[in-house]
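The next block holds one structure in the form of C-alpha cells; read it before the comments.
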Amino acid sequence: MITQTHYLVLSTALFFIGVVGVMTRRNVIVILLSIELMLNAVNINLIAFSYYLKSEIGQVFAIFVICVAAAEAAVGLGIILAFYRNKETVNIDEMNLMRW
Amino acid sequence: MIDLIVIPLLQIVFVLTGVLIAVMYLVLLERKIQAWVQVRLGPMRVGPHGILQPIADVLKLFIKEDITPVKADRWVFTAAPIVVLVPALIAFAVIPFGSSVSLFGKKISLAIADINVGLLYIVAVASLGVYGIILGGWSSNSKYPLLASLRASAQLVSYEVAVTLTFVSVILTAGTLSMVGIVNAQFNNGVWFLFVQPLAFAIYFIGGLAETNRAPFDLPEAEQELVGGFHTEYSGMRFALFFLAEYTNMIIVSSVATTLFLGGWLPPFPNVRALAFLYYVPSWMWFTLKTLLLLYLFLWIRATLPRYRYDQLMRIGWKVLIPLAIANIVVTGAGKVLLGS
Amino acid sequence: MFNTDELVINMGPQHPATHGVLRVVLKLDGEKVVDADVVIGYLHRGIEKLSEHRDWTQIVMLTDRMDYCASAAANLGYCETVEKLLSLEVPRRARYIRTVLAELQRIASHLVWVGSHAMDIGAVTVFLFALRERELVLDLFEEFCGARLTYNSMRIGGVPQDIPPGWDKRVLKFCDIMDEKLAEYETLLTRNRIWLGRTRGIGVISGPEAVAIGLSGPPLRASGVRRDVRKDEPYAAYDEFEFDIPLGSRGDTYDRYLVRLEEFRQSTRIIRQAIEGLPAGPVLGKAPRLIRPPAGETYHANESPKGEIGFFIVSDGKSTSPYRFRVRPPSFCNLQALPRLIRGHLVADVIAVIGTIDIVLGEVDR
Amino acid sequence: MEGQLAFYVLSACILGFAVLVITARSTVHGILFLVLDFLFVAGLYVLLQAQFVAVIQVLVYAGGIVILYLFVVMLVNLKRPPEAHKDRHRRGRLGVALSLVVLAEFVMIALFGYVGPGVGAEGGGLSVRNVERVGWMLYTDYLVPFELASVLLLVAMIGAIVLARREL
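See below:
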C-alpha cells in the first residue's frame, strides 16, 4: 500500500539531492539543474496531495510551478550567457562582482 | 490476461514491424518518385523494378563498418540515434489505424492505446526527438555537425510551436484530445476537419515538412551546405537509425494529419447514405490510402522545390505560421461561441 | 561560436558544393560570413608551362583540359591566337562551324551551371533536367569529333573535318528542343518564391566595382556593363550574325541567373543563323605542316561561357613551341570576386554565390 | 500490487538519476540524466492520475526547458573546466554539511509538525476527464494566477533576450 507518506519521503529525498547539488557544485549550469530537481520534488508533492485529497488543485499549482521553472531557466541561462561572454567561465566562485 | 498482455503485445509487434517495413519501402518509393519526376528510372537492379532494393540497402548498412570518431563522446554518440528513433516509434501507440477488426472471434481495436490525452502525447513524444539531433551533432565533436544540429534543433523547436497551435484549433473543433474521439467527432460532424480547418491543415503540413526536415526545409541535412548535417560523422547502422527516424517521422506526420484532418479511417463523406458502399473497403485501407497520399505530397514537394535559407525558414515559422495559427485559434473559438455549439 | 571570437570553418576542398577542389576558409560570426579566404591550386597541372614544351598543334589538346565543361571555347581561343600570330586566313565555312561549336559549348556549359547552381540551392530536379539536355549536346559533339568531354575539336587553320552528313539538321532539332526545355527550367525556377528568396539581393556587385575586380562574362553583364567579346571584338563568324547581349541591372545572383538563361536563347539564335547560312568550301586553311610562327607576341580573347578567355603567346620564331604561354582564365578572374560577394551574407549564401560565378576548377588552377 | 511495484521502480529511478545529475562530470551528461529523471517523474504523475501534468512535464520540461540548457552548454564551450579549483573538497564538505542541516530541518518538521486531518491513505478517484477538469480550474478559479503566470513568462522572455543580446 503506497500512502501519502511514501510520496513525501520521495520528494524530500529528491529535494535533498537538489540541495546537495546546489551546495557542492561550482558549475552554475549544474546548480540550475539542481534547482530544477528541487522544483520537481515540490511538484511530486503537489501531485501526490492532489491524488490523496481527490482534488485537481494540486495539479493546477504544479502547472504554475512548471511556468516558474521555465521563467527561471530562461533568465538564469541568459545571465549565464552574459556572464560567460565577459569572463569565459561558468564557475560560481568567480561570480563575485555586482557589475563590470 | 490475454486481453491485458497478449493482444497489446501482438498489436505492438504488428505495428512496429509494419512501420519498419513501411519505412523501408517509403525510401524506395521516394527514390522511385524522385526518379520519375526527374525522368529517370530509379533503382532497377535488385529484384524486378528494384523492389528488393530496401533489403539490399539494409543489408549494406548492417555490414558497414561502424565508426566512432576518436574525439567523440562515446556514450552520447551511441545514444543519439536511439534517442531519435524511439520517440518516433512510440508515437504510433496512439494512432488509430482503423476502427476495429475481428480476429478469431475477438474484436481488436486498431489503435494500440486510446488514451484521453492522445494528441498531447504525440506532441510530447515528438518534442523528445530533438534530443537525438542535438546530441548527435554535439557528440560528434566536429564543426559541421554542431552547426547543423544547432540549426536543426532551433528549427524543430520553433515549428513545434506552430504545429502545436494548430492542434489547439482542432481540439477546439473536436472537443476531445483522444485520437479516436477526434475521428468520431469528424463522423458526427459529417465532414472532414480539412474543410472545417483548412488553414490549420496548411499550417500543420508546412510545419510537418519542417519538423521532419524535408524539402524545402531540409536545412539540417543540406548536404550542399553542411555535408550531410548533424549525422555527418555517423556510419553504418547508427546512420541508418537516423535515416529510419526521419522516414518514421514522415509517416507519423502523415498519419496524424490523416487522423486530424482527413477523417482517419473514415471513407469520404462518411454520413452520406448513398455512399455507404464505401464502408465495404476496410477502414485501415482508407487510413493507409490517405496517409500514402500525404506521403506522396511530401515526396512531390521534395522533387520540385529549392531549399529555404535558415533565416527565411525562421521568419516563416515565427512571423507567418505562428501568428496565423493563433489567429486561427481565435477565429475557431469565436465561431464556436457564436454558433453556440 | 556564441562568444566574440569567430568560428573558422573550412569549406572544401572535399565539399559537395564547391564544384571541385575549391577550398574556402570562412570566418563566421554565428551564421554570418565575416571574411572568406579562397585557397586554390589543388588541381594545378602546369598547363601553361607544359605548353612551352609542346608542338603548337599539340597544345590544342591541353586547352581541352582547362575548362573541361567548355573545351571547345578554349580550343577556339587558342587556335585563333595562333592564327593571329601566323596571320593565317581561316575559311569561312570553318569559321561558321567553329561558331556553331562554340555556341553549342556555351549551351552545354550553361546547362551544367544551371543544374549545379539549382542543385546547390536544393532544386535537384533541375540538375537532372539540365543534364538530360546536355547529353544531347554531347551527342552532337561526339558525332562531330568523336569525343564527349575533351573534344580537341579544332585545328590551327580551321576544323579537323567537315560536319558529318545530317549533323546540321540534328543541331537545328536540338535548338528546338532546347528552347522548349528552357521553359521547363523557367517554370521550376524563375518565378519560384523560394528561388527568388535565395537569389535576389545575394552577392550584389555594382558595374564599376565588377569592372575594377576584373569580372567578365555573364557576371559582368548582370551588373549592367555591356561587354561581350563577341560584339566588341568579333572573332570566328560572330560579326555576321544578329544577336543581343542580355544585360542585368541589379547585379545580384538572380540577375546573373536571368542573364545566363537569356544567353541560352541567344545561343540557339546564333546557331540557327549559322547553320542556315552555312557556306560551302574547305574547312581547313593553308596552315604549314610545321608550324613556326614568326617572332612576336600576341593576345587574343574570346567569349567563353564563363567569361573572357584570353591567350597571351610569345613566339621566338625559332622553336616549334611557344616561348611563353599564358592564359587569362575567366573562372580564375571571376573567382577573386567571391570574398567580396559573400561578405556579410549567411553560410548558405556562400553556396549560392559559388554557384553563381560559375567556376571550373580545372581552369582556375590550370 | 502493480501500483506498488511501479512506485518503487519509478522512485528508485528518480532518485538514482537525480544523484547522477549532480555527480556527472560532464554537464551534458548531467542534463541527459535530468531528462531521464523528468521522464520518470512524468511516469509517477501518470500513476497519480495526473495525465495532463505528466504530458506537460514531458512537453515543457523535457522537450523545452532542458533543450534550452543543452543549447547553452553547447554554446558555452568551456576552455577550462569550471570545477578546477585548488581545494576540491573544501566546498564539497561544507556543502554536504549545509545540506544535511536542511535535511534535518525537514525531518524535524515531519516529526514535530502539525499533521492536518483529512489526508486519507486511500487515494485516487480523480475524474477521468482530467484535462477538462484542470483546464476548467485554470480558467475559472485560478484565472488571475494563470494570467499572472503568462505575464511572468513574458517578462522572463524579454529578460532573457535582453540578457543574451550581444550589445545592449
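Chains as they are written, first to last, in the numbering used here: chain A, 139 to 238; chain B, 5 to 345; chain C, 38 to 403; chain D, -12 to 155.
Don't be surprised by glycine CBs; every beta carbon is placed ideally from N, CA and C.
Being a predicted model, the structure only gives us computed values, none of them experimental.
- Excluding sequence positions up to five before and after C/T94, its CB lies within less than 8 Å of the CB of R192, I193, I328, all in the same chain and listed in chain order.
- Residue pairing by DSSP places C/T290 opposite no residue, since no beta bridge is assigned to it.
- Ranked by Cα distance from C/G251, the options C/A374, C/I388, C/D74 are led by C/A374.
- Excluding its 5 nearest sequence neighbours in each direction, A/L148 has C-beta neighbours in its own chain below 7 Å: I182, listed in chain order.
- Nearest neighbour of B/V19 by Cα position, chosen from B/M48, B/A95, B/P85, turns out to be B/A95.
- For D/Y56, same chain residues with a beta-carbon under 6 Å away, outside a window of 5 residues either side, are I18 in chain order.
- Contact of C/W232 with chain B is assigned, a C-beta pair being separated by under 7 Å.
- The C-beta distance from D/L141 to D/F133 rounds to 13 Å, too long to meet the 8 Å contact threshold.
- By the neighbour-count criterion, in which 16 or more other beta carbons inside 10 Å mark a residue as buried, A/V228 falls on the buried side.
- At a beta-carbon threshold of 8 Å, the residues of chain C lying near B/L309 are G159, A160, N229, I231, ordered along the chain.
- Comparing alpha-carbon positions, the option among C/Y272, C/V163, C/A247, C/L186 lying closest to C/E223 turns out to be C/V163.
- When Cβ-Cβ separations below 7 Å define contact, B/R313 makes contact with chain C.
- Along the region 21 to 43 of chain B, going in chain order, the ones with a CB nearer than 8 Å to a CB of chain C are Q38, V41, Q42, V43.
- For a Cβ distance threshold of 8 Å, nothing in chain B lies close to D/M124: the least Cβ distance comes to about 16 Å.
- The three-state reading of DSSP puts C/L383 in strand, counting E and B together.
- Below the 7 Å Cβ cutoff, chain B contributes K147 as neighbours of C/I46, in chain order.
- Residue range -11 to 10 is occupied by the alpha helix (DSSP H) that includes D/E(-11).
- Contact annotation: C/L398 and C/L80 have beta-carbon atoms nearer than 7 Å.
- For the pair B/W196 and B/L303, the CB atoms are not nearer than the 7 Å cut-off.
- Across the set C/V262, C/T236, C/E68, C/P245, the C-alpha of C/T236 shows the shortest separation from the C-alpha of C/Y294.
- Residue range 344 to 352 is occupied by the beta strand (DSSP E) that includes C/S352.
- The three-state secondary structure of C/K210, taken from DSSP, is helix.
- The C-alpha of C/I96 lies about 34 Å from the C-alpha of C/M156.
- Taking C-beta separations shorter than 8 Å and ignoring five residues to either side along the sequence, the partners of B/T236 in its chain run S144, S146, Y148, P149, A152, L230, following chain order.
- Membership of C/G333 in the beta strand (DSSP E) is indicated by the continuous run 333 to 341.
- Between C/V161 and C/G152, the alpha-carbon positions lie close to 8 Å from each other.
- Considering only C/P245, C/Q51, C/L99, the residue with the shortest C-alpha distance to C/G83 is C/L99.
- C/E85 and C/V401 have their C-alpha atoms some 12 Å from each other.
- Per DSSP, the beta bridge partners of C/F362 are C/I350.
- Under the 10 Å beta carbon count, C/Y115 is surrounded by 16 or more other beta carbons and is classified as buried.
- In the three-state reduction of the DSSP assignment, A/A211 falls in the helix class, which pools H, G and I.
- Residue pairing by DSSP places C/G195 opposite C/R192, C/L321 in a beta bridge.
- Just so you know, the alpha carbons of B/P58 and B/G22 end up roughly 14 Å apart.
- In the structure shown, B/V195 adopts coil according to DSSP, grouped into three states.
- Counting along the chain, no beta strand (DSSP E) covers B/K64; the unbroken alpha helix (DSSP H) around it starts and ends at 57 to 67.
- Contact check for C/P376 against C/G344 fails: the beta carbons are separated by 7 Å or more.
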